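In UniProt numbering, the protein residues as written are 1 to 535.
A quick write-up on the structure given underneath.
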Ligand SMILES: Nc1ncnc2c1ncn2[C@@H]1O[C@H](COP(=O)(O)OP(=O)(O)O)[C@@H](O)[C@H]1O
Ligand SMILES: [Mg+2]
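Structure follows, in structure tokens:
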């Protein structure tokens, strides 16, 4: 195949994008972004349709024509109801990443190149390899196979050259986002370049199947000993960046309600199990499956849930977990003042926030949601409206929380399909309450303070070494003082700094007021300046 120079390829691609936009009633967008606009303008002139009749549907068609990366981008955008009008988001939800499977010769080539062995036969990787794929998506497809020891496995094989295609599409998306940001200043708030950055991280993560294998085995570890849930075992010897081999599982996909009922499963119980397991991942492990759509959750004969497909995971540190737990609990108890305070305590909104106004804003979004019948209460929706409010109160976007919210949307959808009378959140309440009392009660608080002190102590313990290094640098003559250069001022500085540090530790232990904290921080700062001030 002849490969064109990358600049030329990119320009041809941009021209095609301009053409597709113009033929879908979005010429104005292309013109304003200076995308081959004389050409686009001409196309528009001949076609005469200058405005799309249904913006959402047209955006969807454009993305479909542009291929897998853009389809995946549209799917990601569809969950950002915080950015998009609802009708556009709903239309983008229809984007399907069903693509024709790769020819088997290419699949074989990828496996052979990865293992430097034939796929089957003498000295081959597998004893048998089923050439008909079980599923095909834009990044990879899955085939069933058998290992030489007789174990049945599922082999996920990345599409040939998909990495290169995605990288060049990402470069185009970055460029388009930059142009959009520049020529549509009224849409700065959409933060287009940042949205693309986040998307790039996600899609690149999905490309590396060894990383997915690592996620899978971490989940297996986290779930070891937990009843009612399973994760297929990763066959590491049969896994590479482009090939992931896991134990083959059998079960009914969680959205096939009739089949589940026919097999004698209690759908309400399954719902409860899914919710509990999700909260377990979020709160107990701080590590959650972030692609929990029905195609990735199966139900085993005995009712166990089997999770597969660990391309995207979410991570929550203990601080975010404490914040989410106390915030949700405050909402469940309809204590809106507390819900507001939690944000300040977590440091997500400035300390000088008008708590009373914040409380009212939270009440305004939460009351209508909690007034609904139990089955219609959506925490995902509550979180989303809350992000809009917190943004008004100067809270920075927290990507890990956004991912959590997006996953909650999916899980609520799964649960609603499964048992419409169930409310996952009420089902999971015991787990949240238990976690909160464990981590936010007296023992939990003591632990939290302990952790804080531990961190402070660690910094403090490093002080002598720091002082030593400053002193030795003075001896070497690399540090000079603005006034009366003497070891004395350095020593005083170090002492002040240490006193500040000590006070800080004492303060955190006693949970003393922020004034004292400030004072000790100031002492530390002053000490440090004295200790290392140079000309
Ligand atoms: N270990 C497995 N056992 C049985 N079927 C599997 C296994 N892994 C994947 N599959 C099948 O392949 C499909 C796609 O796999 P998945 O890992 O979800 O890939 P994708 O990231 O493309 O969604 C699944 O929905 C399931 O039907
Ligand atoms: Mg999947």
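Quick reminder that beta carbons are idealized off the backbone N, C-alpha and C, glycines included.
Nothing here was measured: the structure is a model prediction, and the numbers come from that model.
Query	Result
Sub-7 Å separation of residue 229 and residue 220 beta-carbons	no
Proximity test, residue 246 beta-carbon vs ligand 1 heavy atom, cut-off 6 Å	yes
C-alpha gap between residue 363 and residue 378, whole angstroms	15 Å
Cβ separation of residue 538 and residue 350, assumed to be a contact under 8 Å, to the nearest whole Å	Any question about residue 538 goes unanswered here, given that the chain covers just 1 to 535.
Boundaries (first-last residue) of the beta strand (DSSP E) holding residue 315	313-315
Continuous alpha helix (DSSP H) stretch holding residue 323: start and end	318-332
Where residue 156 sits in the DSSP three-state scheme	strand
Span separating the alpha-carbon of residue 153 from that of residue 234	9 Å
C-beta contact flag for residue 192 and residue 170 at 7 Å	no
Residue 155 classed as buried or exposed, judged by whether at least 16 other C-beta atoms fall within 10 angstroms	buried
Through-space distance from residue 149 to residue 112, alpha-carbon basis	20 Å
Given 8 Å, three or more beta-carbon pairs between the region 73-86 and the region 209-217	no
For residue 286, the nearest candidate out of 264, 293 and 314 (CA to CA)	314
Cβ neighbour criterion (16 or more within 10 Å) applied to residue 423	buried
Residue 97 beta carbon near ligand 2 (any heavy atom closer than 6 Å)	no
Rounded Cβ spacing between residue 543 and residue 318 (contact assumed at less than 8 Å)	Residue 543 lies beyond the stretch modelled for the chain, which goes from 1 to 535, so this question has no answer here.
In DSSP terms, what residue 146 is bridged to	128 and 152
Secondary structure of residue 245, DSSP reduced to three states	strand
Whole-number beta carbon distance between residue 323 and residue 342, since they are thought to touch under 8 Å	6 Å
Close beta carbons around residue 484, own chain, < 6 Å, minus the five adjacent residues each side	Any answer about residue 484 is weak, because its pLDDT of 41 lies below 50 and its placement is not dependable; what the coordinates show is given next. Nothing listed; no residue qualifies.
Pairwise C-alpha distance: residue 410 and residue 28	34 Å
Cβ shell of residue 130 (< 8 Å), same chain only, five flanking positions each side left out	143, 144 and 145
Around ligand 2, Cβ to any heavy atom closer than 6 Å, ordered along the chain	295, 296 and 309
Any beta strand (DSSP E) of 3 or more consecutive residues that is wholly inside the region 187-250	243-247
Whole-angstrom distance between residue 254 and residue 587, CA atom to CA atom	No answer is possible for residue 587: it lies beyond the span of the chain, which begins at 1 and ends at 535.
Residue environment, residue 274, which counts as buried when at least 16 other CB atoms sit within 10 Å	buried
Short Cβ contact (7 Å threshold) for residue 22 with residue 43	yes
C-beta atoms of residue 147 and residue 272 nearer than 7 Å	no
One or two residues paired with residue 141 in a DSSP bridge	136 and 157
Under 7 Å between C-beta atoms of residue 188 and residue 310	no
Segment limits, alpha helix (DSSP H) that includes residue 162	162-183
Start and end residues, alpha helix (DSSP H) containing residue 365	355-370
Cβ-based burial, residue 16 [other Cβ within 10 Å; buried from 16]	exposed
Identity of the residue in 420, 292, 197 and 224 nearest residue 399 by Cα	197
DSSP bridge partner residues for residue 306 (one or two, in chain order)	230 and 298
Contact belief for residue 245 with residue 165 at Cβ below 8 Å, rounded distance in angstroms	Their Cβ separation, rounded to whole angstroms, is 24 Å, which puts residue 245 and residue 165 out of contact at 8 Å.
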